[in-house]
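All residue numbers for the sequence shown refer to the numbering used here, where the first residue is 1 and numbers rise by one.
Even glycine gets a Cβ: it sits at the ideal position worked out from N, Cα and C.
The structure displayed is predicted, hence computed values, not measured ones.
A short worksheet on the structure shown next.
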Amino acid sequence: MNRPPTSAATATAGECGNCGTHKGWVLHHMRLRGIHRRLCTSCVLRLHPGSFCPSCFVLYDPQPPHPTKRVSCSSCLSFAHAHCVKSLQLSQSPYLCPPCADSNFSFFDVTDHVIDKKLSLALLCAAKIASASMAKAVIVARSEAERRVREAVVAKKRAREALEHVASLDKEKLRKKELQLLHQQQHSMKIEVDKRETAAPIDSAPPILQNNGSVEKVNDGNLDTHLQNNFNSNGNSHNGNAPHQLSDSRVKEEEGSK
Numbered sequence: 001m002n003r004p005p006t007s008a009a010t011a012t013a014g015e016c017g018n019c020g021t022h023k024g025w026v027l028h029h030m031r032l033r034g035i036h037r038r039l040c041t042s043c044v045l046r047l048h049p050g051s052f053c054p055s056c057f058v059l060y061d062p063q064p065p066h067p068t069k070r071v072s073c074s075s076c077l078s079f080a081h082a083h084c085v086k087s088l089q090l091s092q093s094p095y096l097c098p099p100c101a102d103s104n105f106s107f108f109d110v111t112d113h114v115i116d117k118k119l120s121l122a123l124l125c126a127a128k129i130a131s132a133s134m135a136k137a138v139i140v141a142r143s144e145a146e147r148r149v150r151e152a153v154v155a156k157k158r159a160r161e162a163l164e165h166v167a168s169l170d171k172e173k174l175r176k177k178e179l180q181l182l183h184q185q186q187h188s189m190k191i192e193v194d195k196r197e198t199a200a201p202i203d204s205a206p207p208i209l210q211n212n213g214s215v216e217k218v219n220d221g222n223l224d225t226h227l228q229n230n231f232n233s234n235g236n237s238h239n240g241n242a243p244h245q246l247s248d249s250r251v252k253e254e255e256g257s258k
């Protein structure tokens with residue numbers, strides 16, 4: 001009876017990762033269903049029934065023999081050479097491979113501590129199966145490592161692009177902030193200039209020549225009034241001098257007549 005699968009990391013030293021026996025003598029490293037395991041010779045052969053002939057232990061590499069040259073077990077996926085089965089009892093129908101015919105059968109029984117030709121063939125066949133399994137595991141591990149490298153390269157590229165995007169966003173944000181600050185400064189300067197022009201308007205009134213020869217600037221609002229005052233003052237001065245002069249001449253004429 002097979003135990004639940006045990007990985008090489010959890011199996012104890014000298015213990016088969018499938019049946020748990022300590023009498024396997026040799027444990028084969030192999031990868032089975034994605035798990036690295038250490039199995040005895042008998043379990044390696046039991047777990048790969050379609051990879052070899054259970055009678056002569058010839059490894060089918062890469063494909064089993066033609067259907068006309070093989071006999072299939074009626075209970076499992078095992079294939080045996082037709083010429084190997086002829087030496088067995090052909091009266092049995094259907095055909096059963098040795099492990100299916102005997103539940104206590106072991107491909108590698110070393111209870112007598114003697115390895116004969118049959119056991120050596122079984123050991124060699126199990127070693128070839130384990131070697132092929134580890135070779136496939138190496139290919140899978142290499143492809144997995146390459147895939148992870150590609151994913152790391154893509155992730156690094158995406159991270160670099162993300163950093164560049166964030167940097168560009170920061171630059172754009174800083175540029176907009178500087179432009180906004182510049183516009184605020186220009187607006188503040190314009191408001192200040194408008195305030196100064198409103199508080200101190202430019203004097204655009206023309207200069208006025210006074211009677212005494214001096215020049216005086218008059219605002220636009222007082223220009224008409226100032227001109228009228230100057231005109232009145234000049235008129236009064238001429239009209240006032242004429243009567244005085246006329247009265248003096250009359251006095252002289254009267255004195256002469258007398």
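Keeping to the same chain, check which residues put their C-beta closer than 7 Å to that of residue i; ignore five residues upstream and five downstream.
{"i": "S237", "result": "Because S237 carries a pLDDT of 49, less than 50, the predicted location of this residue cannot be relied on, and the following value inherits that uncertainty. Contacts found: none."}
{"i": "A137", "result": "R31"}
{"i": "L174", "result": "none"}
{"i": "H22", "result": "G14, E15"}
{"i": "S120", "result": "none"}
{"i": "T128", "result": "Here the sequence assigns Lys to residue 128, which means Thr is not the residue at that position. Once the five neighbours on either side are set aside, the close Cβ partners of K128 are L59."}
{"i": "D100", "result": "The amino acid at residue 100 is misidentified as Asp; the sequence shows Cys. The residues are C73, S75, C76."}
On the CB-based measure, 16 or more other CB atoms within 10 Å of its CB, does residue i come out buried or exposed?
{"i": "G34", "result": "exposed"}
{"i": "A130", "result": "buried"}
{"i": "M30", "result": "buried"}
{"i": "R46", "result": "buried"}
{"i": "S133", "result": "buried"}
{"i": "G14", "result": "exposed"}
{"i": "C16", "result": "buried"}
{"i": "S106", "result": "buried"}
{"i": "V114", "result": "exposed"}
{"i": "P67", "result": "exposed"}
{"i": "S42", "result": "buried"}
{"i": "R38", "result": "buried"}
{"i": "V193", "result": "exposed"}
{"i": "A135", "result": "exposed"}
{"i": "A126", "result": "buried"}
{"i": "L27", "result": "buried"}
{"i": "H48", "result": "buried"}
{"i": "L77", "result": "exposed"}
Along the chain, where does the alpha helix (DSSP H) containing residue i start, and where does it finish?
{"i": "H165", "result": "117-199"}
{"i": "C19", "result": "Where C19 is concerned, there is no enclosing alpha helix (DSSP H), given that its DSSP letter is neither H nor E."}
{"i": "P99", "result": "98-101"}
Between which two residues does the beta strand (DSSP E) containing residue i stretch?
{"i": "H113", "result": "Run containing H113: none; DSSP gives neither H nor E here."}
{"i": "F107", "result": "That residue, F107, is in no beta strand (DSSP E); it is neither H nor E in DSSP."}
Excluding the 5 residues flanking residue i on each side, which residues of the same chain have their C-beta closer than 8 Å to its C-beta?
{"i": "H81", "result": "C53, S55, C56, V58, P65, K69, R70, V71"}
{"i": "Y60", "result": "G50, S51, F52, C53, F79"}
{"i": "V85", "result": "S55, V71, Y95"}
{"i": "G240", "result": "Legend: pLDDT at G240 = 49, less than 50; position of this residue unreliable, value from coordinates given subsequently. Around G240: no qualifying Cβ."}
{"i": "K171", "result": "none"}
Under 6 Å Cβ to Cβ from residue i, same chain only, skipping five residues before and after it: list those, please.
{"i": "P94", "result": "S74"}
{"i": "L123", "result": "T41"}
{"i": "P98", "result": "P54, F105"}
{"i": "I140", "result": "It is Val, not Ile, that sits at residue 140 in the sequence shown. There are no such residues."}
I want to check one thing, is the minimum distance from the CB of residue i to the heavy atoms of the ligand FAD below 8 Å?
{"i": "V138", "result": "Ligands in the displayed structure: none, and consequently the ligand FAD is not present."}
- [ ] Ignoring anything shorter than 4 residues or poking outside the stretch 22-75, list the alpha helix (DSSP H) runs there in chain order.
- [x] Whole alpha helix (DSSP H) segments, 4+ residues: 41-46.
- [ ] Evaluate the contact criterion for the stretch 138-154 versus the stretch 46-60: three or more CB pairs, one atom per stretch, below 8 Å.
- [x] These segments do not touch.
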